[in-house]
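With the first letter of the sequence shown counted as 1, position 31 gets the number 31 in my numbering; the numbers rise by one all the way through. Here is the structure we will look at.
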Amino acid sequence: MRADVPVECVVDAHVHMPLLRERGEVNSYIRGLVESGVGGAVLLGIPPFKEILASISLEEVKSEHERVRGLIEKLASDIMDQLEPESLYLSAVKLSESFCSFARHSELAGVVNFPVMYPANLSLGPDELARQLEEAVSLGFRGFKVISTLFLKYLSSEQVEVVIDVAERKGVPVVVHGGCDPGIWELPKYCKYGDPSRLEPLLSRHRDATVIVAHAGGYSAIAPGVFFEEALSLARRFDSVYVDTSALPPQLVPVVLRDFPAGRVLYGSDYPAVANSSLREYMEEVFMTLLASGWRGKELEGYAHGVAEEVLKASCVTPLYDRVGL
């Protein structure tokens with residue numbers, strides 16, 4: 001690594017692959033990650049949710065926006081134009097049209113430093129959902145991704161427990177979105193479904209399940225760190241709970257590393273959704289902020305790649321990329 005990223009290697013524990021149809025597109029996407037400086041990455045899918053979004057009218061969004069306008073003006077006055085109801089709704093529609101089905105995931109199955117996590121469709125019934133998840137593991141997916149906000153379901157829902165149960169039985173991890181989401185899910189009425197405290201009863205029943213709370217529970221443009229305390233409480237109670245710092249403002253990352261249990265925090269970017277920054281620039285900002293905050297050595301290496309290698313089996317071996325011929 002160059003001096004501006006002062007670690008041996010970086011595994012990005014949280015990236016999204018856009019909808020890709022041709023092998024060449026897949027190869028170009030992976031090559032771009034490597035050229036940005038990552039030696040491995042965890043690829044997360046976004047499940048189909050158009051029907052759920054279609055059930056929410058623009059008028060409903062406008063009503064909720066008006067209800068919390070004072071809160072938005074107080075906390076996020078500098079980006080008010082991006083948080084108008086029409087902008088939020090359009091962002092949600094764009095997200096619903098760009099989910100990745102991972103139709104070509106099999107071409108990545110042998111690349112150990114780019115594991116693919118299967119996106120759980122929480123609109124399915126429990127039996128069908130369990131069947132799909134078990135089949136996904138047999139096809140080479142290395143774990144599951146849960147985004148309950150998109151389905152307007154709390155993280156205590158029956159479907160989320162199905163995901164955790166299958167993951168526990170199959171010995172694979174679950175990445176659980178924590179916090180709000182781009183678009184209408186920035187508003188409290190919809191963001192509430194990303195509260196990780198709702199996982200507590202499920203984790204009490206599935207203590208061997210490994211769960212990574214994405215964004216340390218804090219994804220929000222209006223209030224970054226929105227469910228930080230809830231995620232922290234989970235991590236302190238359950239040894240199998242980890243967090244990633246994807247999409248967090250760099251200045252919050254040292255706080256997460258300081259407050260969360262040692263060895264349970266993973267680097268992530270949320271690329272290509274990282275705001276106002278390239279993948280490389282975001283990485284540099286995060287690690288230079290950590291250096292300025294006094295982080296060095298073993299703890300920094302663990303955050304950069306060690307924990308991800310252990311928990312997500314994402315080997316940080318850049319030369320492997322060349323050998324597979326992508």
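By construction, the Cβ of each residue, glycine as well, lies at the ideal position given by its N, Cα and C atoms.
Would you kindly work out how many angstroms separate the C-alpha atoms of residue 276 and residue 39, rounded to a whole number? If you number the sequence shown from 1, residue 276 lands on position 276. If you number the sequence shown from 1, residue 39 lands on position 39. With a pLDDT of 48 at residue 276, under the threshold of 50, the modelled position of this residue cannot be trusted; read the value that follows with caution. Each residue's alpha carbon lies about 23 Å from the other.
DSSP state of residue 117 mapped onto helix, strand, coil: Residue 117 sits at position 117 when you count from the first residue of the sequence shown. In the structure shown, residue 117 adopts extended strand secondary structure according to DSSP, grouped into three states.
Contact check, residue 314 vs residue 42 under 8 Å by CB: the rounded distance? What you label residue 314 is simply residue 314 of the sequence shown in a count that begins at 1. What you label residue 42 is simply residue 42 of the sequence shown in a count that begins at 1. Residue 314 to residue 42, Cβ: 6 Å. Contact.
Kindly provide the ranges of any alpha helix (DSSP H) runs that are 4 or more residues long and lie completely inside the segment 190–234, ordered along the chain. With a minimum length of 4 residues, the continuous alpha helix (DSSP H) runs that stay inside the segment 190–234 are 200–205.
Counted within 10 angstroms of its Cβ, other Cβ atoms place residue 225 as buried (16 or more) or exposed: Numbered from 1 along the sequence shown, position 225 holds the residue referred to as residue 225. Result: buried.
Does the beta-carbon of residue 18 have 16 or more other beta-carbons within 10 angstroms, so that it is buried, or is it exposed? The residue you call residue 18 lines up with position 18 of the sequence shown. It counts as exposed.
Test item: CB-CB of residue 47 and residue 121 under 8 Å: Counting from 1 along the sequence shown, the entry for residue 47 is found at position 47. Counting from 1 along the sequence shown, the entry for residue 121 is found at position 121. Contact: yes.
Here's a check: name, in chain order, each residue in its chain whose Cβ is nearer than 6 Å to the Cβ of residue 104, leaving out the five neighbours to either side. One-based indexing of the sequence shown puts residue 104 at position 104. With a pLDDT of only 49 at residue 104, under 50, the local geometry of the prediction cannot be trusted, and the value read off the model is given with reservation. Closer than 6 Å at Cβ, skipping near neighbours: 26.
Relative to the C-alpha of residue 7, which candidate in 296, 310 and 311 has its C-alpha closest? The residue labelled residue 7 in the question sits at position 7 within the sequence shown. Of the candidates 296, 310 and 311, the one whose C-alpha sits nearest the C-alpha of residue 7 is 296.
Cβ pair residue 184, residue 30 closer than 8 Å: The residue you call residue 184 lines up with position 184 of the sequence shown. The residue you call residue 30 lines up with position 30 of the sequence shown. Against a cut-off of 8 Å, the Cβ pair of residue 30 and residue 184 comes out as no contact.
Separation of residue 61 from residue 211, as counted between CA atoms: The residue you call residue 211 lines up with position 211 of the sequence shown. The residue you call residue 61 lines up with position 61 of the sequence shown. Distance between the alpha carbons of residue 211 and residue 61: 31 Å.
Report the CB separation of residue 290 from residue 300 in whole angstroms; it is logged as a contact under 8 Å. Mapped onto the sequence shown, residue 290 falls at position 290. Mapped onto the sequence shown, residue 300 falls at position 300. The pair is a contact, with the Cβ atoms about 6 Å apart (cut-off 8 Å).
To the nearest angstrom, how far is the alpha carbon of residue 189 from that of residue 266? As a first step, residue 189 is located in the sequence shown; it is residue number 189 there, counting from the start. As a first step, residue 266 is located in the sequence shown; it is residue number 266 there, counting from the start. So the alpha carbons of these two residues sit roughly 29 Å apart.
Considering just the uninterrupted stretch of the alpha helix (DSSP H) at residue 12, what are its terminal residues? The residue labelled residue 12 in the question sits at position 12 within the sequence shown. Not the alpha helix (DSSP H): residue 12 falls in the beta strand (DSSP E), residues 11–16.
Counting only the same chain and skipping the five closest in sequence on each side, list residues whose C-beta sits under 6 Å from that of residue 58. Position 58 of the sequence shown holds residue 58. Counting only Cβ-Cβ distances below 6 Å, and skipping sequence neighbours, we find 89.
According to DSSP, simplified to helix, strand and coil, what is residue 259? Working through the sequence shown from its first residue, we reach residue 259 at position 259. Residue 259 falls in the helix class under three-state DSSP.
Hey, out of 205, 245 and 152, whose CA is closest to residue 54's CA? Locating residue 54 in the sequence shown gives position 54, where the first residue counts as 1. 152 is the residue among 205, 245 and 152 whose C-alpha sits nearest the C-alpha of residue 54.
Span of the alpha helix (DSSP H), counted from its first residue to its last, around residue 65: Stepping through the sequence shown from its first residue, residue 65 is reached at position 65. For residue 65, the enclosing alpha helix (DSSP H) has its first and last residue at 58–67.
Cβ-Cβ distance between residue 49 and residue 96 below 8 Å: Locating residue 49 in the sequence shown gives position 49, counting from the first residue. Locating residue 96 in the sequence shown gives position 96, counting from the first residue. With respect to residue 96, residue 49 sits close: the two C-beta atoms are nearer than 8 Å.
Assuming residue 5 and residue 44 form a contact by the criterion Cβ under 8 Å, report the distance between their Cβ atoms to the nearest whole angstrom. Walking along the sequence shown from the start, residue 5 turns up at place 5. Walking along the sequence shown from the start, residue 44 turns up at place 44. 22 Å between Cβ atoms; not a contact.
Sheet register partners of residue 44 (DSSP bridge): For the purposes of this step, residue 44 is taken as the residue at position 44 of the sequence shown. Residue 44 is bridged to 16 and 117.
Would you mind giving the Cβ-Cβ distance between residue 247 and residue 209, rounded to the nearest angstrom? I have them listed as a contact below 8 Å. Translated into positions along the sequence shown, residue 247 becomes position 247. Translated into positions along the sequence shown, residue 209 becomes position 209. Taking C-beta atoms under 8 Å as the contact rule, residue 247 and residue 209 fail to qualify, at a distance of about 24 Å.
Could you check the C-alpha separation between residue 133 and residue 292 for me, to the nearest Å? For the purposes of this step, residue 133 is taken as the residue at position 133 of the sequence shown. For the purposes of this step, residue 292 is taken as the residue at position 292 of the sequence shown. Those two C-alpha atoms are separated by around 42 Å.
Got a sec: is the Cβ-Cβ distance from residue 55 to anything in chain C below 8 Å? Checking the listed chains, one finds no chain C in this structure; it contains a single protein chain.
Roughly how many angstroms separate the alpha carbons of residue 33 and residue 304, rounded to a whole number? Translated into positions along the sequence shown, residue 33 becomes position 33. Translated into positions along the sequence shown, residue 304 becomes position 304. Going from the Cα of residue 33 to the Cα of residue 304 covers about 15 Å.
Helix or strand or just coil, what does DSSP make of residue 153? Taking the first residue of the sequence shown as position 1, residue 153 is located at position 153. Looking at residue 153 - three-state DSSP - the assignment turns out to be coil, as it is neither helix nor strand.
For residue 76, which residues in the same chain have their Cβ closer than 7 Å to its Cβ, ignoring the five residues on either side in sequence? Counting from 1 along the sequence shown, the entry for residue 76 is found at position 76. The residues are 83, 221 and 222.
Opening and closing residue of the alpha helix (DSSP H) in which residue 307 lies: For the purposes of this step, residue 307 is taken as residue 307 along the sequence shown, with counting starting at 1. 307–311 is the span of the alpha helix (DSSP H), which, as asked, contains residue 307.
Does residue 270 pass the burial test, meaning 16 or more other C-beta atoms within 10 Å, or should it be called exposed? One-based indexing of the sequence shown puts residue 270 at position 270. It counts as buried.
When you compare each of 145, 284 and 288 to residue 37 by their alpha carbons, which one comes out closest? As a first step, residue 37 is located in the sequence shown; it is residue number 37 there, counting from the start. Comparing Cα-Cα distances from residue 37 to each of 145, 284 and 288, the minimum goes to 284.
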